[in-house]
Amino acid sequence: QYMADVCLNNDSCMVLEAALIRCSGEDVDLMLSGILNSDGCVGAMAHMRRGHTVCLSLLSNGNIQVRQEASRQLLRDSASLRTNRFGRMVMRRVADLCGTNSNNNNIGH
Numbered sequence: 009q010y011m012a013d014v015c016l017n018n019d020s021c022m023v024l025e026a027a028l029i030r031c032s033g034e035d036v037d038l039m040l041s042g043i044l045n046s047d048g049c050v051g052a053m054a055h056m057r058r059g060h061t062v063c064l065s066l067l068s069n070g071n072i073q074v075r076q077e078a079s080r081q082l083l084r085d086s087a088s089l090r091t092n093r094f095g096r097m098v099m100r101r102v103a104d105l106c107g108t109n110s111n112n113n114n115i116g117h
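The C-terminal position of the sequence shown is numbered 117 in our numbering, with every residue numbered one higher than the one before it.
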């Protein structure tokens with residue numbers, strides 16, 4: 009519940025993004041796990057001005073399992089996300105990940 013409260017507040021998302029950038033190892037793993045395991049948080053954040061940057065960070069900096077799970081959750085909410093400018097930015101990143109690229113970082117969709 010705590011992570012859900014953090015993820016649904018624009019100001020908290022700004023702090024969360026800073027923490028994801030500055031922390032490493034187990035701390036980041038715990039934050040990512042909390043976000044991904046809080047039902048609906050990823051999709052809700054993707055709609056928000058500050059939250060969508062956290063989603064972009066998950067999709068860019070998370071390990072393969074994080075990127076796969078975040079993408080799965082975002083694809084589930086894609087119809088709604090495509091109606092919002094922040095959601096569209098996130099969905100473009102998901103689309104990039106779902107394709108192939110020269111770095112072989114595709115997420116296997």
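Don't be surprised by glycine CBs; every beta carbon is placed ideally from N, CA and C.
**Message:** For residue 96 and residue 11, I'd like the C-alpha separation in whole angstroms.
**Reply:** The straight-line gap from Cα to Cα measures roughly 24 Å.
**Asked** Taking buried to mean at least 16 other C-beta atoms within 10 Å of its own C-beta, is residue 59 buried or exposed?
**Response** Counting of Cβ neighbours within 10 angstroms places residue 59 among the buried residues, the total reaching 16 or more.
**Request:** Mind reading off the beta-carbon distance from residue 52 to residue 15? Whole number of angstroms is fine, and I expect it under 8 Å.
**Result:** In this structure residue 52 touches residue 15 by the C-beta definition: roughly 7 Å separates them, less than 8 Å.
**Asked** Tell me which same chain residues have a C-beta within less than 8 Å of the C-beta of residue 74, skipping the five on either side of it?
**Response** Excluding residues up to 5 positions away in sequence, 40, 44, 66 lie with their Cβ nearer than 8 Å to the Cβ of residue 74 in the same chain.
**residue 49 classed as buried or exposed, judged by whether at least 16 other C-beta atoms fall within 10 angstroms** = That one is buried.
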